[in-house]
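Residue numbers (the working numbering): 1288 to 1812. Where is the CB? At the ideal position from N, CA and C, for every residue including glycine. Worksheet: the structure to be examined is printed underneath.
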Amino acid sequence: MIRLALGALAGVAGVTSAAVPALAHEHPSGITDLVTPAVVRVEAVAHVEITLLDHMGELQHVERSYEVPIGSGTGVVVSPEGAVVTLTRVVKSEDDAAVHAANKIFADHHKVDIKQDFQRHRLDDATLNRHLQQCYPPKTATATCLTKVTPQIKIFPNISPADKEGINAEIAYTGDDPDNPAVLLPVGRADGGAGLPTAPLAARVPDKPGSPVSVAGFTGRPAADRPHLIDIAHLDAGGAGQAGRPFKDPEGKADEPRKTGELIAKGLAGAPVIGDKDGAVVGLLAGGAGEGRMIGVREITKALAEAKVEPRRGPLDAAFEVALTRFHTKYFGDAVPALRRVLELYPGHVVAAKHLKTAQEKRGGPDDAGALAAPVQAGGDVPLWPFIAGAGVLVAAVIGGTVLILRRRARPDTVATARTTPTAEADRRVVPAVPSPPPAAGHDPALGEPSPADVTRIVARSAVPPGLPAVPEGAQGPSLLTARQPTAPPTGVPGRVGQRFCTACGMGLGPAHRFCGYCGHPAET
């Protein structure tokens, strides 16, 4: 049996006002939420301005204007700018609105019994009949009516409060067949700067016979007491291309072709058919009474390509998907701010408003997965002091490590400083000057030659030789260079007493040398 869902499924926007026996199985909850915000009501009329030239007696110009219905149905928004996909029959009719206007103006002015429809009628009065036939299009030189027909298309979005004026649209593409997809574009900007909710298009139609789908649409203009309608069906095998995919209940408990045909008669012609797998649009509802079928998504994409319209999702849809994820996973506390963000971007979002009300009621309760996942923080069973103590230990460890590193880096400087302390300065003693020996024999200072005993010696930094007293630094000063005095022989140079040197080259001479062994100069000179 069939269940007619009027928003009773969880996660589906709208409220239920009637129900019938349910199917043997349920469809996934919230599977239509991605599409239902983008479902719109489409109404097309022809605005006809007609002037009747009545010359039965005195010539009269009778002017009238009428709005002649063309079609109505359901569509779906596929781009944030407001591009809508529906059926050609919804916005384009084979009936001539000028014929309808001619019948109406003759009936009103001449008070004759003429059906106000799209058929060409005849009158018993020959003169009136001739004038009536001349009023019908096409226009001729003897026409009795001047007619101007302007099509007007209105789109009524799924918002709350309902938009009573609607959005003006124009035709971007229509097919040759009434059940071919048609593309409409809003006149001017329809989104108010935030972008309209859009429906995602599936990549392909489900191949498996019996695949469950949902159909969403309007039976009239959206209103508080007329929410969008949702019903479920199943795809049958076959029916590709413009022929359409038929419907069939796999359990044989319902006549789904008849049921979907009745939905079309109620105003769901062109309604989106939503796949149960990922909640994307897989086609449009087409057909007639008793033979509802689906035009596949491939035909939709072809029509959009002909109209040069790119189907895409907008930032509003991205925010709504985030909110839906939190809501349907029962994280109601997290869903509340996300849904509020959606309503800030698009205040009339009916599905977001409905889910926000539910999330606020269940936030923090037993159904809130976020509240159940964090009872410890809420109840305070885990004290805070272990975390504070751990943080204190960590800070102390960091400070101690820093001090230790600084001390280790300071050790080389300490050692260098220790070497310059008074203890180390005590080792830097200056050996007192030792008196130089008398001039060597044979050395004449008058010649200006330096005596070997007068050679300057460099005193190294070493310990004071044993037996010599330490000279305070203040008394002798820190001098390291001293000259030997001629009063005493040099210490530590044995064999230098009585040493002779060559007066020409300075070479040392032995005791028995009479001539210099190096330059040959006489030693006696």
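Classify residue i as helix, strand or coil using the three-state DSSP reduction.
{"i": "Phe-1505", "result": "coil"}
{"i": "Asp-1604", "result": "helix"}
{"i": "Gly-1624", "result": "The residue asked about is misnamed: residue 1624 is Pro in this sequence, not Gly. Reduced to three states, the DSSP call for Pro-1624 is helix."}
{"i": "Leu-1571", "result": "strand"}
{"i": "Asn-1467", "result": "coil"}
{"i": "Ile-1789", "result": "Looking at the sequence itself, residue 1789 is Cys, so the reference to Ile does not match. The answer is coil: DSSP assigns Cys-1789 none of H, G, I, E or B."}
{"i": "Leu-1321", "result": "coil"}
{"i": "Gly-1362", "result": "strand"}
{"i": "Gln-1403", "result": "coil"}
{"i": "Asn-1455", "result": "strand"}
{"i": "His-1800", "result": "coil"}
{"i": "Lys-1617", "result": "coil"}
{"i": "Arg-1696", "result": "helix"}
{"i": "Ala-1556", "result": "coil"}
{"i": "Pro-1673", "result": "helix"}
{"i": "Leu-1374", "result": "strand"}
{"i": "Thr-1769", "result": "With a pLDDT of only 45 at Thr-1769, under the threshold of 50, the placement of this residue in the model should not be trusted, and no figure is reported."}
{"i": "Glu-1330", "result": "strand"}
{"i": "His-1396", "result": "helix"}
{"i": "Lys-1435", "result": "strand"}
{"i": "Ala-1636", "result": "Correcting the residue identity first, residue 1636 is His in this sequence and not Ala. Strand, per DSSP."}
{"i": "Leu-1488", "result": "strand"}
{"i": "Leu-1630", "result": "helix"}
{"i": "Lys-1441", "result": "strand"}
{"i": "Ala-1237", "result": "Because the chain is modelled from 1288 through 1812, residue 1237 falls outside the range shown and cannot be assessed."}
{"i": "Val-1685", "result": "helix"}
{"i": "Pro-1425", "result": "coil"}
{"i": "Pro-1653", "result": "coil"}
{"i": "Leu-1691", "result": "helix"}
{"i": "Ile-1473", "result": "It should be pointed out that residue 1473 corresponds to Pro in this sequence rather than to Ile. Strand."}
Roughly how many whole angstroms lie between the Cα atoms of residue i and residue j?
{"i": "Thr-1373", "j": "Leu-1571", "result": "7 Å"}
{"i": "Pro-1356", "j": "Ala-1656", "result": "51 Å"}
{"i": "Ala-1594", "j": "Leu-1659", "result": "51 Å"}
{"i": "Ala-1639", "j": "Val-1629", "result": "7 Å"}
{"i": "Ile-1495", "j": "Ala-1556", "result": "The sequence as given places Lys at residue 1495; Ile does not occur at that position. Answer to the nearest angstrom: the Cα atoms are 24 Å apart."}
{"i": "Gly-1635", "j": "Gln-1529", "result": "35 Å"}
{"i": "Gly-1434", "j": "Ala-1385", "result": "The sequence given here has Thr at residue 1434, not Gly. Roughly 7 Å between the two C-alpha positions."}
{"i": "Glu-1814", "j": "Ala-1449", "result": "No statement about residue 1814 is possible, as the shown extent of the chain runs from 1288 to 1812 and does not include it."}
{"i": "Val-1568", "j": "Ala-1489", "result": "5 Å"}
{"i": "Gln-1421", "j": "Ala-1503", "result": "46 Å"}
{"i": "Glu-1578", "j": "Glu-1549", "result": "9 Å"}
{"i": "Val-1378", "j": "Phe-1443", "result": "14 Å"}
{"i": "Ile-1337", "j": "Thr-1427", "result": "15 Å"}
{"i": "Ser-1447", "j": "Ala-1510", "result": "8 Å"}
{"i": "Arg-1328", "j": "Ala-1456", "result": "12 Å"}
{"i": "Ile-1519", "j": "Leu-1340", "result": "54 Å"}
{"i": "Arg-1532", "j": "Arg-1585", "result": "12 Å"}
{"i": "Lys-1402", "j": "His-1408", "result": "8 Å"}
{"i": "Pro-1468", "j": "Leu-1603", "result": "26 Å"}
Given a threshold of 16 other Cβ atoms within 10 Å of its Cβ, counted over all protein chains shown, does residue i qualify as buried or as exposed?
{"i": "Asp-1411", "result": "exposed"}
{"i": "Ile-1454", "result": "buried"}
{"i": "Phe-1674", "result": "exposed"}
{"i": "Tyr-1618", "result": "buried"}
{"i": "Met-1343", "result": "exposed"}
{"i": "Cys-1789", "result": "buried"}
{"i": "Ala-1389", "result": "buried"}
{"i": "Cys-1803", "result": "buried"}
{"i": "Tyr-1805", "result": "exposed"}
Run through the DSSP bridge pairs and tell me what residue i is partnered with.
{"i": "Glu-1350", "result": "Thr-1338"}
{"i": "Arg-1580", "result": "Pro-1533, Ala-1573"}
{"i": "Asp-1518", "result": "Val-1502"}
{"i": "Leu-1550", "result": "DSSP, once it has assigned bridges, lists no residue as partnering Leu-1550."}
{"i": "Ile-1446", "result": "His-1636"}
{"i": "Tyr-1460", "result": "Val-1470"}
Among the options, which has the Cα closest to the Cα of residue i?
{"i": "Thr-1414", "options": "Gln-1406, Gln-1403, Thr-1431, Lys-1426", "result": "Thr-1431"}
{"i": "Tyr-1353", "options": "Asp-1404, Val-1322, Val-1502", "result": "Asp-1404"}
{"i": "Gly-1539", "options": "Lys-1402, His-1521, Gly-1360", "result": "His-1521"}
{"i": "Val-1500", "options": "Asn-1467, Val-1690, Glu-1543", "result": "Glu-1543"}
{"i": "Val-1362", "options": "Lys-1535, Pro-1798, Arg-1508", "result": "This sequence places Gly at residue 1362; Val is not what is there. Of Lys-1535, Pro-1798, Arg-1508, the residue nearest in Cα terms is Arg-1508."}
{"i": "Tyr-1423", "options": "Thr-1506, Asp-1382, Arg-1696", "result": "Asp-1382"}
{"i": "Ala-1552", "options": "Tyr-1805, Leu-1346, Pro-1324, Phe-1505", "result": "Phe-1505"}
{"i": "Val-1326", "options": "Glu-1452, Ser-1380, Asn-1416, Gly-1554", "result": "Gly-1554"}
{"i": "Ala-1394", "options": "His-1334, Arg-1351, Gly-1583", "result": "Arg-1351"}
{"i": "Pro-1798", "options": "His-1808, Gln-1786, Pro-1809, Ile-1517", "result": "Gln-1786"}
{"i": "Gln-1439", "options": "His-1348, Ser-1359, Ala-1646, Gly-1651", "result": "Ser-1359"}
{"i": "Val-1322", "options": "Phe-1607, Gly-1687, Ala-1625", "result": "Phe-1607"}
{"i": "Gly-1575", "options": "Lys-1535, Asp-1466, Thr-1429", "result": "Asp-1466"}
{"i": "Leu-1565", "options": "Asp-1621, Arg-1600, Leu-1471, Pro-1493", "result": "It should be noted that the sequence gives Asp, not Leu, for residue 1565. Here the closest residue by C-alpha is Pro-1493."}
{"i": "Asp-1320", "options": "Ala-1622, Asp-1654, Val-1637, Ser-1366", "result": "Val-1637"}
With hydrogens ignored, establish whether the beta-carbon of residue i is closer than 8 Å to any heavy atom of the ligand FAD.
{"i": "Ile-1551", "result": "Looking at this structure, you won't find the ligand FAD or any other ligand, since it has none at all."}
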